[in-house]
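Note that my numbering has the sequence shown beginning at 66, numbered continuously upward. One structure below.
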Amino acid sequence: MADSVEARVIAASPPGCLPQVLGDLSVISPAVATNSNAAIQQYCESIGMVLTSSTDRDEPMTKVLMCRQARVDGADEYVDVTGRKQCTITWGAVPSILSVKDRTNDETSDSDMRTLADAVFEAFEGHGMTSGVWIKSGSWLAEYLVRASSGGSGWTVTGSLKIRTHFWEDSNVQSTFTRRMPESVTTDGKPVAREVVRVVHDFENKCHASMDGLVDTSCRAACK
């Protein structure tokens with residue numbers, strides 16, 4: 066069915082309409098109903114969805130991996146487009162609507178795939194999807210200088226923070242986040258060490274919040 070008229074109609078279908086298109090085509094072409102599982106698999110891969118199975122502890126389930134370039138081998142290791150293994154995938158919690166339980170890899174049936182695909186396409190139709198960022202590696206470099214203020218009226222803390230991240234979000238992404246801390250003068254009469262820790266803690270918390278916002282904004286933009 067790869068080069069048939071039916072295949073061309075399926076390939077041109079919006080994700081949210083595929084179940085209806087398959088149903089309509091099966092009326093005039095019984096082969097569509099017979100090969101619906103293969104048609105769904107081929108369609109999903111063409112738009113960047115890989116339907117795969119994995120065992121999560123004692124609860125086997127079928128899951129969806131959203132990535133055009135993604136490939137997972139038998140050991141649940143992610144392989145990038147160059148063929149190099151990048152990381153081991155740990156399946157986290159997923160919405161129950163995207164899980165087909167009580168099936169092993171060899172027992173995944175056509176109806177299971179249809180149930181799973183219908184749920185995914187329904188999410189597309191409602192303009193919603195679940196996205197995630199896999200943090201592969203990173204580094205943290207912080208430098209701070211504490212010195213007595215002129216006149217001995219307090220302490221001045223200066224420094225900088227650099228965070229490097231390396232993650233996969235539909236591509237191999239590396240980013241560097243750098244922030245310099247403005248001068249902060251400690252209050253006289255309070256323990257110097259405690260005040261320095263407070264100033265650094267506040268600064269790093271703000272950097273964390275900015276980093277979270279940066280990743281969240283990037284993720285939303287990538288998944289529109």
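Just so it is clear, CB atoms sit at the ideal spot from N, CA and C, and this is done for glycine as well.
| What does PHE268 pair with, by DSSP beta-bridge criteria? | According to DSSP, PHE268 bridges with nothing at all.
Quiz item: Near ASP214, which residues of its chain fall below 8 Å by C-beta distance, leaving aside the five closest residues on each side in sequence?
Solution: The sequence given here has Ser at residue 214, not Asp. The answer, listed in chain order, is TRP220, THR221 and VAL250.
Return the Cβ separation of SER225 and ARG245 in integer angstroms, given the expectation that the two are a contact with Cβ distance under 8 Å.
5 Å
- Query: Beta-carbon separation of ILE75 and VAL86 under 8 Å?
  - Reply: yes
* Can you name the residues that DSSP bridges to SER69? -> Paired residues: none, contrary to the question.
**Message:** Are the CB atoms of GLU71 and LEU90 within a distance shorter than 8 Å?
**Reply:** yes
### Message
Looking at the ligand GTP, does it come within less than 7 Å of SER91, judged from the CB to the closest heavy atom?
### Response
The ligand GTP is not part of this structure, which contains no ligands at all.
Q. Taking the alpha helix (DSSP H) that ALA77 falls in, what are its first and last residues?
A. Where ALA77 is concerned, there is no enclosing alpha helix (DSSP H), given that its DSSP letter is neither H nor E.
> Can you name, in chain order, every residue of its own chain whose Cβ lies under 7 Å from the Cβ of GLY203, other than the five neighbours on each side?
Replying inline: ILE228, ARG229, THR230 and HIS231
What does the Cβ neighbour count give for GLU260, buried or exposed, with the cut at 16 atoms within 10 Å? buried
Can you give me the C-alpha to C-alpha distance between TYR209 and ALA103, rounded to a whole angstrom? 59 Å
Requested in this report: Have a look at HIS273, SER240, PHE242 and VAL262 and flag the residue whose alpha-carbon is nearest the alpha-carbon of THR223.
Outcome: VAL262
Would you call SER101 buried or exposed, if buried means 16 or more other Cβ atoms sit within 10 Å of its Cβ? buried
Which of helix, strand or coil DSSP assigns to MET276: helix
query: DSSP state of GLY224, grouped into three classes?
result: strand
Helix, strand or coil at PRO95 [DSSP, three-state]:
helix
State the DSSP-derived secondary structure class of PRO247, mapped to helix, strand or coil.
-> strand
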